[in-house]
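Respectively, the protein sequence lines represent chains A and B.
Residue numbers for the first sequence, in the working numbering: 1 to 603.
Residue numbers for the second sequence, in the working numbering: 604 to 1206.
By construction, the Cβ of each residue, glycine as well, lies at the ideal position given by its N, Cα and C atoms.
Report on one structure; see the data block that follows.
2 protein chains.
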Amino acid sequence: MTQLIADRRDIEFVLYEMLDIEGLCNHERFNEFNKRTINMMINEAFNLAIKEFLPANKEGDKTGCEFENGKVEIPDSYHRALDLYTEGEWVQLADPGCPGVVGMITNALFFGACSSIMMYPGLSYGTGLLIKGIGGEDIANRFSKKMLAGKWGGTMVLTEPDAGSDLGALTTSAKRNPDGTYSISGNKIFISGGEQNYHENIIHAVLARIEGAPEGTKGISLFIVPKIWVNEDGNLGETNDVVCTGIEDKMGLKGSCTCSLTFGGNGKCRGILLAGSDPEDGDDEGEGLKGMFNLMNGARINVGAQGYAIASSAYLYALDYARKRVQGKNLEKMRDEDPSVPIIEHPDVRRMLIWMKSHVDGMRSLILYVTNLTDLIEISDDDDEKTRCQGIIDFLIPIIKAYCTDKAFEVSAQAVQIYGGYGYTKEYPVEMLLRDSKIFSIYEGTNGIQSLDLLGRKLAMKKGKAFMDFLEEIKKATTNAKNNANLEDQAIKLEAAIDKIATVAMHLGTKIMPKSISAGFSFSKPFLDATGDIVMAWMLLWRSTIASQKIEGASKKDASFYEGQIKSAEYYIYSVIPGTMGSLDAIINGNDAIVTMSDEAFG
Amino acid sequence: MTQLIADRRDIEFVLYEMLDIEGLCNHERFNEFNKRTINMMINEAFNLAIKEFLPANKEGDKTGCEFENGKVEIPDSYHRALDLYTEGEWVQLADPGCPGVVGMITNALFFGACSSIMMYPGLSYGTGLLIKGIGGEDIANRFSKKMLAGKWGGTMVLTEPDAGSDLGALTTSAKRNPDGTYSISGNKIFISGGEQNYHENIIHAVLARIEGAPEGTKGISLFIVPKIWVNEDGNLGETNDVVCTGIEDKMGLKGSCTCSLTFGGNGKCRGILLAGSDPEDGDDEGEGLKGMFNLMNGARINVGAQGYAIASSAYLYALDYARKRVQGKNLEKMRDEDPSVPIIEHPDVRRMLIWMKSHVDGMRSLILYVTNLTDLIEISDDDDEKTRCQGIIDFLIPIIKAYCTDKAFEVSAQAVQIYGGYGYTKEYPVEMLLRDSKIFSIYEGTNGIQSLDLLGRKLAMKKGKAFMDFLEEIKKATTNAKNNANLEDQAIKLEAAIDKIATVAMHLGTKIMPKSISAGFSFSKPFLDATGDIVMAWMLLWRSTIASQKIEGASKKDASFYEGQIKSAEYYIYSVIPGTMGSLDAIINGNDAIVTMSDEAFG
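In structure tokens:
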């Protein structure tokens, strides 16, 4: 029987064979955990995800959220799943003490089972952490405590109808009251969980501009705006003037309500300044957005993880279907009298499956690798090493966000394709994954924005040192692989790709950008995509190197598993990377038709 | 104002500047038409599509079809649109006398406005034609006449729960009655328009196996099974034993009902043998499926046209949005005091738009080019030339079906991306196009099946002559382009791609296939995709060659249009084709991990 959501053996492979999570647990910081306890937690997460989240996912897609008179009802089945998630203290795994990889991989199981449900605790926790990080102890006790415990909801209130990717354009205003609070006024849209009937209270983290603050991003401040006012003693006060005016009817992720909120429609919305620029104080310009951006870095990794998780679910559904669905003859035996075979025997189906598997495995490794770097930073005393690791993380964040979410969509589409006509119906689970996953490439900064971040900021960070450190990490893997004669050629091919991406980066920086910034940025997404492919090849070759060492003498089951690693790397490096090399050639060509074509010529 | 559905100027460019439709109309076969009348028809089609089909499309997606007690109600708004389409005799454009390109481009406008509605007349017409073609005059008068006129519906009844891509596995049976009719018995699924309340009667074209006929495809016969029996004089008789047992709840194309039908559940379903193998007659083995396949060739081009049409609509919506949506600063001027700009000024948005435009224009040219070949065959007296043209058509059919539908989905996904969060909501039209277009890659033979057809049949057809003729056609375009110094390098690049695809085809045939058929077919889809890219480059270079000649001295509007052609070709050949070259390298690598990996190793 093919597994659901994620491959259990593969998770353990990443944690204990690729990464050294057992070693990590020897450190005093994490020594309450060990392989046994971590595996138990993964077991429990699997159980909860499969028993409660998966059924709720299907129902939530069907019923969606209900809006009436300013109130939003989330799907009924979500309440029980959220109760169990909260009672199980799953969200608190992200607290220091537990290795980050454990929280990441368990949450990814919940993402893979039902991404919509996870929006609620994810936002409570993220916003609670943001408030705690900036606000200090009193504020943390007053607001964050209940958010981090999953008792109160939280939101990130950024977008306005005319301020989406461009937050600098926002017009929601704040005015200081005599008591030190601020009156908030404005309309916000696309607020996930902006109003809902699960939590007793919702704490909004709102971006707004204090009267007199400068235009653009530097004049933006960050406010705490509770749905129900919270007194300084932590007790609830009166209902605040925050009104939900509607929810979006969306393509997918239907169980997660996307709300329009009006703040101060009756002139009575109060907020607390958390960070930002009140001209009367004359300082802290740009601090409001900076605070939010810290939260967004973590959120972007989480969105990448949502992408990985949905891809993992889609792959396993498709694999299971391909094993069970009998249709057509084996191509090598096409006579009418030969028996029909499961479609996994058809080469084009296998091509789709191995493409999906390579990306799913590569993404799983990438996300846990980066999370492990954050764990290593926590226990390291070596400042240079911490800086080096943080540089690699920062470089990889836009790739995780954009590449993993684009691939999630493509993997889900392939899953639908493998199911054929059945996949297009709501009777089977894959079309929903396709619909759900499309939003991942849009929210938390569109994937285009991520590519601007990669090319415009991350590549040049510390004079390119983070990028060089990133390439060095890959070279460690190719050097290891070269010790194995069977992998030597693959390692050489991957090194050629590293050389080429370095050449392309240099070419963009020294040849294309100086001539035209716009022409340079017209290659930002192709550059990100190619880098992502190379990261996949890196992860897969790393896997293959370990698997090649262990396959001899392994149990039958393990040997099959290791064979999968070896074949996936082989496939990816010989059959996918050549296309990537071609795409990099295209950047070197540097054709500027994209930016020189006049607007009228588009039609 | 950006246009809706399709670019009017571009349609005329293809008809009168790329292809010589005016010249075609000089032939007596088509001389009732000329440029003026064709343009009038295109105008009318635009009007009907925009005024009636577009609003119905949105409503149909919302309401879907209703199933109750064996009856299916299609969306209310479809009735009026279908009445107008039928009264306007749009379906009859496909009759001889009107150039095929005119029927194709007008129908594509309706596809682009509402593909769901078009399923009903499309199937009436296609099935009517099939019955007429095989059945002879009496049968045509009895059934086809009213189908071709749009009075009766028609269906293609192939799929069963365990016989989808593998029709040879079907189990629906037929037994000869004393009166020469057959008793049909079996369950069919995924029957588009299998039951609906628009047409007075529905004529099902049903694949079934006569008792005693051989297994597999050669034992399949084709039957006419009317919903309501049609007497020999054409009058309606009693209701036949065909029961709709349900409709699919689908991801998209919701206005087109996808029915499950039970034939002969009460033992009283009568059908008329149209083609096939009744063992009592001892002949005609395999004729049943052959008849259906003739219909399917036309249907596959039409599905490709659906893909093109949805892509065209998606592109124009996205272009319009990109022109109107103001967000962020121009990258060359990033100060807060600079004005915000429409997002079409952002390089990454332009990259998406030019990618979409290149494919939309390329697909429009491809589909009309192939349809024009069928027109040319009709008026040609030269048998060799007819054979040559038919070979090119046959070679291109799987590419049109698979490539255009895959690109339709990708173009729609890019459209959603350009709309950002708005694109994910049902308030805007693009997420529906994304959902609708996914089925195109599945029905009428999955895109994987198309690639088997291309590699397994079409490439080897006439010892490769069709493939060589196809490449020669591209060389005509590169030879022309080389006369223009500005295009010479692009022509050389495209010729390198032609050489490479020829090398790859040879390599597959002589090196990979002889070693392992399965390994060969694991490259069928990548081969199809690469060929499709090269076809796009061919069409775009052809366009650019014409545009380059005409841009000097053209009106301002025309000059912009021609500039769009020149830039698109430049973009495609320098920025897309290098990736294609890399993908072809991957095929030459010939890595066989896809087929050598054991089933267990997939996880």
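Reference residue i; option with closest CA among the options
i	options	result
A:V206	A:M41, A:F263 and A:D233	A:F263
A:F111	A:S312, A:T171 and A:L24	A:S312
B:M750	B:W693, B:P699, B:G797 and B:I806	B:I806
A:I429	A:D529, A:Y315 and A:E495	Just to set this straight, residue 429 of chain A is Pro in the shown sequence, not Ile. Ranking the options by Cα distance to A:P429, first place goes to A:Y315.
A:I587	B:E1203, B:Y1174 and B:L761	B:Y1174
B:F636	B:G703, B:D686, B:G663 and B:R612	B:G703
B:D844	B:K853, B:I831, B:I1000 and B:E692	B:I831
B:D765	A:Y419, A:V535 and A:D585	A:Y419
A:A601	B:A1172, B:P1117 and B:K1103	B:A1172
A:G448	A:E44, A:D406 and A:A169	A:D406
A:S116	A:K324, A:S583 and A:L54	A:L54
A:D7	A:T217, A:D592, A:D61 and A:R364	A:R364
A:E427	B:A772, B:N800, B:D852 and B:G771	B:D852
A:L373	A:R388, A:L261 and A:G362	A:R388
A:A213	A:P121, A:L236, A:M513 and A:L170	A:L170
A:L433	A:I105, A:A140 and A:G252	A:G252
A:L261	A:D20, A:N187, A:A56 and A:G234	A:N187
Buried/exposed call for residue i, threshold 16 Cβ in 10 Å
i	result
B:T640	exposed
A:N231	exposed
B:D710	The question names Asp, but residue 710 of chain B in the sequence shown is Asn. Per the 10 Å Cβ criterion, buried.
A:E66	exposed
B:S1044	buried
B:T730	buried
A:P75	buried
B:P1001	buried
A:Q327	buried
A:E431	buried
B:K1118	exposed
B:G706	buried
B:M643	exposed
B:G1193	buried
A:T545	buried
Contact set between residue i and chain C, taken where Cβ atoms lie within less than 8 Å
i	result
A:A413	Here the protein chains are A and B, and chain C is not one of them.
Same chain, Cβ closer than 7 Å to residue i, five either side skipped, listed in chain order
i	result
A:S165	T446 and I449
B:A1069	G994, I995, D997, F998 and K1061
A:K132	A140 and S144
B:T784	R873, G874 and I875
Close beta carbons around residue i, own chain, < 6 Å, minus the five adjacent residues each side
i	result
A:F561	R9
B:C862	I794, G797, E798, C847 and I850
B:Q577	Missing from the structure shown is residue 577 of chain B; chain B here goes from 604 to 1206 and no further.
B:V944	N933
A:Q414	M352 and M356
A:L289	T217 and I220
Inter-residue CB distance, residue i and residue j (contact presumed, cutoff 8 Å)
i	j	result
A:T172	A:S185	7 Å
B:G874	B:I827	6 Å
B:P950	A:I594	6 Å
A:G234	A:Y78	No, A:G234 and A:Y78 are not in contact; Cβ-Cβ is about 27 Å, not under 8 Å.
Nonlocal neighbours in the same chain, by C-beta distance under 8 Å from residue i, ignoring five residues either side
i	result
B:L1144	A1080, T1081, A1084, L1090, Q1093, A1094, L1097, A1172 and I1176
B:R683	E655 and A659
Interface positions of the stretch 1111-1131 of chain B facing chain A (Cβ-Cβ less than 9 Å), listed along the chain
The stretch 1111-1131 of chain B vs chain A, Cβ under 9 Å: S1119, I1120, S1121, A1122, G1123, F1124, S1125, F1126, S1127, K1128 and P1129.
Along the stretch 1135-1146 of chain B, where does the CB come closer than 8 Å to a CB of chain A? Name the residues.
When CB distances to chain A are screened at a threshold of 8 Å, not a single residue of the stretch 1135-1146 of chain B falls below it.
Using a Cβ-Cβ cutoff of 9 Å, what residues of the stretch 315-327 of chain A are near chain B? List them in chain order.
Y315, L316, L319, A322, R323, R325, V326 and Q327
Along the stretch 1054-1067 of chain B, what residues have a CB closer than 8 Å to any CB found in chain A?
S1054 and L1055
At a CB distance below 9 Å, what residues from the stretch 849-883 of chain B approach chain A? Give them in sequence order.
E851, D852, K853, M854, G855, L856 and T861
Residues of the stretch 200-217 of chain A whose Cβ lies closer than 9 Å to any Cβ of chain B, in chain order:
Cβ proximity to chain B below 9 Å picks out P214, E215, G216 and T217 from the stretch 200-217 of chain A.
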